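Data first, discussion second: the structure below is written as structure tokens.
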Amino acid sequence: MDYSNFYAIAVGVGTKNSADAWLEVFYPAPLFKPNAEEAKALAEALGYEGGNVAIDLTDATVASLADVTMDERQLEVLNLLADSKRPRVMTLLASDAPITSTPEAYLKLHLLSLRHVRPNEQNLDNIFAALPNVVWTNRGAIDPSEIVDRQLEARLAGESLEVTGVDKFPHMLNYVVPSGVRVAYSSRVRLGAYLGEGTTVMHEGFINFNAGAIGPNMVEGRISQGVIVDSGSDLGGASSTMGTLSGGGEIVLSVGKDCLIGANAGTGIPLGDRCTIEAGLYITASTRVQVLDENRQLVKTVKARELAGQSDMLFIRNSESGQVECRTNTKAIQLNEKLHAHN
Amino acid sequence: MDYSNFYAIAVGVGTKNSADAWLEVFYPAPLFKPNAEEAKALAEALGYEGGNVAIDLTDATVASLADVTMDERQLEVLNLLADSKRPRVMTLLASDAPITSTPEAYLKLHLLSLRHVRPNEQNLDNIFAALPNVVWTNRGAIDPSEIVDRQLEARLAGESLEVTGVDKFPHMLNYVVPSGVRVAYSSRVRLGAYLGEGTTVMHEGFINFNAGAIGPNMVEGRISQGVIVDSGSDLGGASSTMGTLSGGGEIVLSVGKDCLIGANAGTGIPLGDRCTIEAGLYITASTRVQVLDENRQLVKTVKARELAGQSDMLFIRNSESGQVECRTNTKAIQLNEKLHAHN
Amino acid sequence: MDYSNFYAIAVGVGTKNSADAWLEVFYPAPLFKPNAEEAKALAEALGYEGGNVAIDLTDATVASLADVTMDERQLEVLNLLADSKRPRVMTLLASDAPITSTPEAYLKLHLLSLRHVRPNEQNLDNIFAALPNVVWTNRGAIDPSEIVDRQLEARLAGESLEVTGVDKFPHMLNYVVPSGVRVAYSSRVRLGAYLGEGTTVMHEGFINFNAGAIGPNMVEGRISQGVIVDSGSDLGGASSTMGTLSGGGEIVLSVGKDCLIGANAGTGIPLGDRCTIEAGLYITASTRVQVLDENRQLVKTVKARELAGQSDMLFIRNSESGQVECRTNTKAIQLNEKLHAHN
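What follows is the structure, encoded as structure tokens:
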């Protein structure tokens, strides 16, 4: 077997329901595009026969893996895993194919949050089907069919069973705490979010899985699935990037460098660099926009989607005419050339 | 006594403060409109004399109830309760009258979240007075007057006492986890919310008590007290349904089937079926709206409140004129007939 | 030494990282502008030599403090602290100077939330540098560099380590639970927020440090750092007060008495008393506003910043012209006089 292009290998520890199905998996140190020798050693220790698979581990197989690994961190993790009574798994992804199991889905989400891959760089097909709905509690993951009795038992025992959510995706910070970030509240960032160094997610910020901020960024608005915000851009409080999962169109959005989307504003089109949308203004793809040059003269009227991806745009709603305008931002001439070229 | 129209009976377990007053009650399996025989048996076992009352239970009375119940689930719950050291209560509501006690208030909130009744179908008069303000912590409910010392004691003991809120209403998921729903974060849904099968409440969604989504629905906006959202409708991120408790008018809002309220949009009027409000647009009752027919010709100008409850409306703010327009949605002619008929 | 103008003294208990640096400090009962004799007694017991300092305490020094205090509550706290194994500290602030240490920063934040000082009354210079970034968990504060191993250890032991955030500021309610308030969810109010009696912070409300509501207030929107909302004013759901830390201008905002900022609305200018901004409208400092008199006649057109701080203003966007208008509110003539005088 060829291990030179292996996608990822990771040993994890997780939770199963009473029917022995995985609810979630935590991977402390996944190997992304692993060294071929290491991949071969780990795979062969488990009798791996190819493809993308998740293999449940026993005390014995954990020991075999510890015997063959050449990676110090893996050895450390395997030694710790050796003593655990929790369900353990090794997930081997020969290639970046559609997802076929819960452990695979969790591994791919980890790869994003651990910054091994950026949003939209990975095949996440089938992820919703592969992720079970889970009741997240202060006592771990619980299957929805088992929660009612667990709650009653905890109550009667005088214990506190706090349910934090019922969702397919857990909070990122319970799995990955990236370096150099601040996240005011963990419930606002799903596992699978990409937070580059220097990203601050304030209380009203939100980052979905397969979405992210390259950093540094101040995120007080919502970054929808598939959306990437580049360095130096700020999303104002409760600002919105239109998603494609529900309600939005088919354009995958992105926000370039050094943009500002004002508080309570939003965009339904991708933005280039140095763009600003004033507070409270929502630009949808079909908003008709008056494009003005540096002398505030009308260049043309276009639907916003025709401005998709351009840089140096300042969007406001003229408060005397009610018209949505796109004014040149700091670098007027460059912008206007682009806009005219676009005719 | 006549038990044939009994409203509800439920046995619960809860928390009292140091003055022996109820802070909260959890009812694992309330009987709504119970079988008359079962009601009679339970009531008589406690010497019930009529009306809406909450009777504290002892080991002895729990045993008597277990002796007489004919309901398997009640028996199961009572057997579990028999061993508990926590305060136990049986709440008997002969009729749907104004609320007179904390256990009654909690029971009615359970009935909503357990889908026994829909929002606005129950008498909730006096609920704010009947619900004490509670400090919600990872160690249960605590009286506000007792929290400071509890926090200090926990600190000094090296224990963690996490306060999650100070509110009259708890998080629904700590009491009821309805089937077939997703709730990204528990703090956004109060006990007393109604979540039908297939409801997803995303991170920015919110559902108050006595408010709800019939399901299936994607809720990324806020459903205010008294508001019902019908099946197939989506509330975009941070969208708003205007409430009547504060700031709003007296019209109780509802959103019909298959509507879309865009991200950061809002409505101050009830909507019929298949209505859309574009992202970022807030329709208040007094917004003056240009009603356009299928040829985009002006039919008339009205205040939005005159369009309350109509179907097939698409609201946008014309980005060239600044005017708020109501265009016919998918079923133009039907709409226009209705609108004209309204003249 | 002169103790007659001492700023604050407080004994606290907190958390240190493995390098013996403070992560956070809880002060159960700070003395603000303490009695000179009490200040002198406590300071001298620790050999205090002046300035603003934080002195780590030992069992012996805790005992010395208990010996000299003349304040009953301090004695109570010191007696409790005597038995604790947690790191203890006494922070002495001779004056309200820029912040030089973590314990100082935490003390000043406590003074705000305990209502000893109002926002903008205290020198908070250097606070960001003095506050370490902390991983907040259900097992207390953890240094970001130590979290990965802690998470793995907890997992393997089958324990639950829930990360609630990574931030320089903790949730206020874990330190201070002010009397007479409701806070639907603790993550939305930072330590250092000022919540006057009668303040309700709903699920979508947010109050930053050094910001606050005088009370009574209904807060369903965001109060940015430095902003004060006066009594009787309501912030509608997801409404915004523009901050000065990022994205906003240099005007420090305030909202006067009995104002209403509608849902999804916002302000970039300070408002006087009895002002209303309609739902969905964002007033920025540079919004051009048509000022109308009580007969709806145009008085003048101004940038909103020229209306900063005025009372009795009603802001709407005319839904027929798209123009932003400032109409006289309830007290028309008074307003118009002010506005005319402003010419």
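Protein chains in written order, with my numbering: chain A, 1 to 343; chain B, 1001 to 1343; chain C, 2001 to 2343.
Beta carbons: idealized from backbone N, C-alpha and C, even for Gly.
The model shown is predicted, which means the values in this text are computed figures rather than measured ones.
Identify whether residue i lies in helix, strand or coil by the three-state DSSP scheme.
| i | result |
| --- | --- |
| residue 1147 of chain B | helix |
| residue 341 of chain A | With a pLDDT of 46 at residue 341 of chain A, under the threshold of 50, the modelled position of this residue cannot be trusted, and the question is left open. |
| residue 2043 of chain C | helix |
| residue 257 of chain A | coil |
| residue 1248 of chain B | Annotation note: pLDDT 45 at residue 1248 of chain B (below 50); position unreliable, no value reported. |
| residue 1024 of chain B | strand |
| residue 949 of chain B | In the structure as shown, chain B begins at 1001 and stops at 1343. Residue 949 of chain B is therefore absent and cannot be evaluated. |
| residue 2079 of chain C | helix |
| residue 127 of chain A | helix |
| residue 1001 of chain B | coil |
| residue 2060 of chain C | helix |
| residue 305 of chain A | helix |
| residue 1017 of chain B | coil |
| residue 1172 of chain B | helix |
| residue 1331 of chain B | Any reading at residue 1331 of chain B needs caution, since the residue's pLDDT is 48, under 50, leaving its predicted position unreliable; the model's value is listed next. Of the three classes helix, strand and coil, the one that applies to residue 1331 of chain B here is coil, per DSSP. |
| residue 2184 of chain C | coil |
| residue 287 of chain A | coil |
| residue 336 of chain A | Residue placement at residue 336 of chain A is poorly supported in this model, since its pLDDT is 41, which falls under 50; the coordinates are not used for a value here. |
| residue 1031 of chain B | strand |
| residue 2154 of chain C | helix |
| residue 2240 of chain C | strand |
| residue 69 of chain A | coil |
| residue 1100 of chain B | coil |
| residue 325 of chain A | strand |
Using only alpha-carbon positions, find the residue among the options that is nearest to residue i.
| i | options | result |
| --- | --- | --- |
| residue 2027 of chain C | C:2108, C:2168, C:2288, C:2294 | C:2108 |
| residue 2033 of chain C | C:2067, C:2152, C:2054, C:2007 | C:2007 |
| residue 63 of chain A | A:53, A:49, A:90 | A:90 |
| residue 2224 of chain C | C:2239, C:2073, C:2233 | C:2239 |
| residue 2261 of chain C | C:2236, C:2254, C:2284, C:2273 | C:2236 |
| residue 257 of chain A | A:75, A:300, A:226, A:313 | A:313 |
| residue 25 of chain A | A:197, A:171, A:149, A:65 | A:171 |
| residue 297 of chain A | A:280, A:325, A:110 | A:325 |
| residue 1001 of chain B | B:1014, B:1037, B:1234 | B:1037 |
| residue 199 of chain A | A:174, A:234, A:153, A:190 | A:234 |
| residue 1952 of chain C | C:2015, C:2059, C:2120, C:2092 | Outside the displayed range of chain C (2001 to 2343) lies residue 1952 of chain C, so it cannot be described from this structure. |
| residue 208 of chain A | B:1211, B:1184, B:1229 | B:1184 |
| residue 2278 of chain C | B:1278, B:1277, B:1276, B:1283 | B:1283 |
| residue 1304 of chain B | B:1269, B:1176, B:1119 | B:1269 |
| residue 189 of chain A | A:222, A:162, A:11, A:118 | A:222 |
| residue 2302 of chain C | A:217, A:299, A:288, A:319 | A:319 |
| residue 194 of chain A | A:202, A:80, A:215, A:187 | A:215 |
Check the C-beta distance from residue i over to residue j and give it rounded, since I have them as a contact under 8 Å.
| i | j | result |
| --- | --- | --- |
| residue 1017 of chain B | residue 1149 of chain B | The Cβ separation is near 13 Å, so there is no contact. |
| residue 281 of chain A | residue 316 of chain A | 7 Å |
| residue 1101 of chain B | residue 1130 of chain B | 6 Å |
| residue 2204 of chain C | residue 1206 of chain B | 6 Å |
| residue 136 of chain A | residue 180 of chain A | Wrong, their Cβ atoms sit about 26 Å apart, outside the cutoff. |
| residue 1241 of chain B | residue 1227 of chain B | 5 Å |
| residue 2009 of chain C | residue 2039 of chain C | 6 Å |
Would residue i count as contacting chain F if we go by Cβ distances under 9 Å?
| i | result |
| --- | --- |
| residue 1243 of chain B | You won't find chain F in this structure, because its protein chains are A, B and C. |
Note down, in chain order, all residues in the region 2262-2286 of chain C with a beta-carbon under 9 Å from any beta-carbon belonging to chain A. 2264, 2265, 2266, 2268, 2280, 2281, 2282, 2283, 2284, 2286
Name the residues in the region 1074-1087 of chain B whose C-beta lies less than 8 Å from a C-beta of chain A; which are they? 1077, 1080, 1081, 1083, 1084, 1085, 1086
Output, in sequence order along the chain, the residues in the region 1120-1145 of chain B whose CB is closer than 8 Å to any CB in chain C. 1133, 1135, 1138, 1144
Please list the residues of the region 199-212 of chain A that have a C-beta atom closer than 8 Å to any C-beta atom in chain C, keeping them in chain order. 203, 204
For the region 1021-1034 of chain B, which residues have a beta carbon sitting closer than 7 Å to at least one beta carbon of chain A? 1026, 1028
Kindly provide the ranges of any beta strand (DSSP E) runs that are 3 or more residues long and lie completely inside the region 188-230 of chain A, ordered along the chain. 193-195, 199-201, 211-213, 217-219
Residues within the region 1180-1191 of chain B neighbouring chain A, beta-carbon criterion of under 8 Å: 1181, 1182, 1183, 1184, 1185, 1186, 1187
Relative to chain C, which residues along the region 1289-1317 of chain B have a C-beta separation below 9 Å, given in chain order? 1289, 1290, 1301, 1304, 1317
Using a Cβ-Cβ cutoff of 9 Å, what residues of the region 1163-1175 of chain B are near chain C? List them in chain order. 1163, 1164, 1165, 1166, 1167, 1168, 1169, 1171
At a CB distance below 7 Å, what residues from the region 2214-2238 of chain C approach chain A? Give them in sequence order. 2222, 2238
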